[in-house]
Amino acid sequence: MRKIRNIIALLLVLCLVLPVAALAADGGFTGTLTIVHTNDVHSYVDVEPYVKGYVDALRAEGKNVVLVSGGDAFKGTAFASMSDGLDVATVMNMTGYEIFTLGNHEQMLGIEKFKKIAEKVEFPVLAANASDEWREAIPEIRDYVIKEFGGTKIAFIGITTPMFGDPDGIAKIITSAERAKAAAEAEGATVFIGVTHLGVKETNEEMRSTYLAKRCPWLTAIIDAHCHTAHENGLMQDGVLIAETGEYGNNIGVVELTFESGRVTGKTARLIPIKRHEAESGIEPDEEVAAFIAEVKVKSEAYLKEVVARTPVYLDGVRGFSRTRETNLGNVVTDAMRKAGNTDIAMVMGPFLRIDLPEGDITREQLQMALYENVELVVFRLTGQEIYDTMARGLSMYPNENTWFTHISGVFVEFNPQLGNSIVSIRLPDGKPLDMNAEYTCTIREDNIGTFFPGRAYTMGYGTICEVVADYLNSGVTISREVAGRMKPVDTVFADIAGHWAEDAICAALRRRSITGFADGTFRPDDAITLGAFKGLLKAAFALTDDDVAAIFPEDGSNEPIARKDAAFYIKKVIDLTGIALAQSDAEPFADLEGVSEEAAAAISALQSAGVVNGVGGGLFAPNADATRGAMALLVERVLASMAAEDAAA
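Per this note's numbering, the sequence shown starts with residue 1, numbered consecutively.
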């Protein structure tokens with residue numbers, strides 16, 4: 001009896017001295033977890049003393065805190081470029097980051113530079129969907145990290161932007177997340193949080209964090225990055241809380257998750273404004289981190305403050321311009337690059353023009369900030385088709401912001417916003433149309449070649465971009481406040497579709513951005529359509545995923561013409577996959593289907609019964625003839641019209 005009383009007394013004492021979370025260990029964590037996060041800081045490190053000061057204050061209050069970065073931290077300002085990101089790594093170590101997800105700008109640094117950063121940082125680098133090449137070179141990259149609170153294991157799963165040149169990159173977003181979940185579950189994790197570099201603005205829905213939330217509703221929250229969006233109170237998608245802070249350290253993000261016996265019972269997100277609101281934030285910045293940042297800046301101050309060029313006019317470079325339209329800064333930069341490389345064209349992607357340059361003196365620091373980093377220029381060869389594809393991708397979202405928007409020197413592009421921003425023509429300075437099959441020389445940033453043309457051979461020795469642009473500005477060349485008209489919106493259409501029997505269907509396909517024309521201002525409606533173009537037509541028209549396309553089409557032969565019988569077979573597979581109900585009617589079978597496979601004949605018959613195909617006249621279908629671009633646009637339009645009629649009837 002006495003022994004029992006002693007045990008009871010001991011338990012009462014433990015109740016008084018042990019934290020609640022410890023007592024709840026067997027039943028799971030009860031309490032609040034605070035996730036403090038940043039994203040897309042791009043080496044604007046002045047926010048970090050405030051991050052550390054805030055986290056330290058929370059922990060001093062006894063709160064459970066995890067400090068997370070969504071990526072794009074080591075590249076963007078002179079502070080980073082002077083040490084290839086290693087000084088930023090020191091700052092983040094001092095700040096106390098515990099989790100970091102690889103961003104697309106870390107990918108742009110390349111394996112060799114980022115490997116040195118990964119070896120220096122004292123926190124895990126996550127990217128479950130990283131390529132084998134990156135994993136082999138940088139073994140520090142992990143799929144997830146598990147943090148344990150009160151007996152509850154929480155897995156933080158890292159997902160980066162699809163890696164450049166990875167043909168399965170988009171599909172790997174979901175499969176990698178699911179694989180990481182299964183592995184973390186095997187270690188006892190019961191709560192899952194994504195730390196992603198995806199954002200909510202990508203043209204392809206499957207590359208967005210919102211799509212990840214739809215497909216992986218088992219996630220409690222997503223700490224997001226990449227699109228520079230500030231979700232003031234978070235964004236809810238299929239029950240998953242998505243949080244993102246904006247850009248450049250303007251805000252600190254705070255996500256609070258409440259737990260009851262290991263189960264999440266509440267989740268909130270908020271932002272703490274920092275930039276230009278330092279005093280109002282009420283946060284005491286960490287003196288040690290601030291002192292290190294100041295020390296690094298002092299070392300390079302004289303070099304960065306040196307005036308290296310002068311502009312007689314204001315040059316537009318901010319994000320809202322550089323990623324949406326032609327700018328005079330884009331003209332100056334690409335002209336300077338083209339001159340330095342002595343090439344046919346030069347190009348620079350919109351995200352690599354960062355700030356405006358006001359009229360007057362330009363310091364080295366301003367120029368580096370405007371041009372992102374002072375990297376080497378390289379020269380490589382590409383075809384007219386590749387130039388066309390690059391410009392079409394860059395203009396596809398006009399007038400909205402587009403990461404792929406491309407500034408160019410050496411060609412003039414006309415495009416029609418009323419027809420899905422279709423390129424109507426691309427002409428050379430002498431007025432001749434771009435030859436899609438010819439090869440052209442191009443000057444580009446070294447960090448762009450691996451990103452946008454992976455595996456392409458190139459030559460070096462043309463100077464760095466800041467030096468080249470400074471020399472060009474100082475050369476006495478005329479610098480205009482107006483743009484040069486290199487990307488011009490027009491209301492003209494392709495000359496060879498006017499009056500064509502498939503004109504309306506072709507225009508509808510162009511508006512849908514499911515098919516394009518040619519650089520000489522033609523659409524060529526009666527030319528054979530290639531398998532690759534047919535895939536693109538169906539993918540855009542019927543909102544197919546990459547998995548859908550892989551299930552329907554063969555892998556090879558994208559540049560080969562497709563026969564009418566095969567086109568019918570593939571579009572019937574699309575109809576079956578998407579559950580489209582075709583109307584049925586009696587029709588005299590085509591007389592020339594002998595020798596056609598049973599599957600193709602059945603598809604042709606089904607499309608004929610639905611009134612989608614009528615043949616070529618005389619009761620014939622011409623199954624072995626090439627399918628034409630105009631005919632396939634019309635075929636797709638008829639199927640879509642059938643879908644619309646079905647929806648209206650319902």
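Glycine included, every Cβ here is placed at the ideal spot set by N, Cα and C.
Predicted model, so just to flag it, every value in this text is computed and none were measured.
>> With a threshold of 7 Å on Cβ separation, who are the neighbours of Val-91 within its own chain once the five nearest residues in sequence on each side are excluded?
In response: Val-45, Glu-48, Val-289, Phe-292, Ile-293
>> Quick check on DSSP: helix, strand or coil for His-105?
In response: helix
> Are the CB atoms of Ala-541 and Leu-640 nearer to each other than 8 Å?
Replying inline: yes
>> Are the CB atoms of Asp-520 and Pro-429 within a distance shorter than 8 Å?
In response: no
> Just to confirm, are Gly-262 and Gly-28 a CB contact at a threshold of 8 Å?
Replying inline: yes
> Ser-81: buried (16+ other C-beta within 10 angstroms of its C-beta) or exposed?
Replying inline: buried
> Per DSSP, which one or two residues make a beta bridge with Ala-603?
Replying inline: Partner(s): none; Ala-603 has no beta bridge.
> Taking the alpha carbon of Ala-603 as the point to measure from, which residue in Gly-618, Asp-576, Ala-591, Val-616 has its own alpha carbon closest?
Replying inline: Asp-576
> Under 8 Å between the Cβ atoms of Phe-569 and Ala-550?
Replying inline: no
> What residues in its chain sit with their C-beta under 7 Å from that of Pro-525, if we drop five residues either side in the sequence?
Replying inline: Asp-496, Ile-497, His-500, Ala-502, Ile-506, Thr-628, Arg-629, Gly-630
> What's the gap between the Cα of Val-612 and the Cα of Glu-206?
Replying inline: 30 Å
>> Counting C-beta neighbours from all protein chains within 10 Å, is the total for Ala-213 16 or more, i.e. buried, or is it exposed?
In response: buried
> From Arg-393 to Val-298, what does the alpha carbon distance come to, in whole angstroms?
Replying inline: 42 Å
> How would you call Ser-43, buried or exposed, if buried means at least 16 neighbouring beta carbons within 10 angstroms?
Replying inline: buried
>> Quick test of your reading: Thr-30 and Leu-257, contact by CB under 8 Å. State the CB separation rounded to the nearest angstrom.
In response: 12 Å between Cβ atoms; not a contact.
> Which one of Ser-131, Thr-101, Gly-169 has the shortest CA to CA distance from Val-145?
Replying inline: Thr-101
>> Taking 6 Å as the limit between beta carbons, can you name the residues of its chain near Ser-425, skipping five residues before and five after?
In response: Glu-414, Gly-521
>> Which residue wins for smallest C-alpha separation from Asp-224, given the options Val-51, Val-41, Arg-338?
In response: Val-41
> Start and end of the alpha helix (DSSP H) containing Phe-292?
Replying inline: 287–305
>> Counting C-beta neighbours from all protein chains within 10 Å, is the total for Lys-734 16 or more, i.e. buried, or is it exposed?
In response: The structure shown has nothing for residue 734, since the chain only spans 1 to 650.
>> With a threshold of 6 Å on Cβ separation, who are the neighbours of Thr-210 within its own chain once the five nearest residues in sequence on each side are excluded?
In response: Val-200, Gln-237
> Could you give the residue range of the beta strand (DSSP E) that holds Ala-243?
Replying inline: 240–243
> So, helix, strand or coil for Met-460, using DSSP?
Replying inline: coil
> If we count Cβ pairs, one from each stretch, closer than 8 Å, do we get three or more for the segment 314–322 versus the segment 379–391?
Replying inline: no
> Out of curiosity, what's the CA-to-CA distance linking Gly-110 and Ala-130?
Replying inline: 13 Å
> Applying the criterion that 16 or more other CB atoms from any shown protein chain within 10 Å of the CB defines a buried residue, is Val-303 buried or exposed?
Replying inline: The displayed chain sequence assigns Tyr, not Val, to residue 303. Flag for Tyr-303 reads exposed.
> How about Ile-193 and Val-51: are their beta carbons less than 8 Å apart?
Replying inline: no
>> I'd like to check one pair, Asp-143 with Ala-183: are the Cβ atoms closer than 8 Å?
In response: yes
> How is Glu-365 classed by DSSP in three states: helix, strand or coil?
Replying inline: helix
>> Using a 10 Å radius around the Cβ and a threshold of 16 neighbouring Cβ atoms, would you call Trp-134 buried or exposed?
In response: buried
>> Taking its Cβ as the centre, do 16 or more other Cβ atoms sit within 10 Å of Ser-69, making it buried, or is it exposed?
In response: buried
> At what residues does the alpha helix (DSSP H) containing Met-391 begin and finish?
Replying inline: 384–395
> Opposite Glu-260 in the DSSP bridges: which residues?
Replying inline: Arg-263
> For Leu-377, which three-state DSSP category applies?
Replying inline: strand
> Which partner residues of Val-125 appear in the DSSP bridge assignment?
Replying inline: Phe-100, Ile-141
> Are three or more beta carbon pairs between the segment 267–282 and the segment 321–330 nearer than 8 Å?
Replying inline: no
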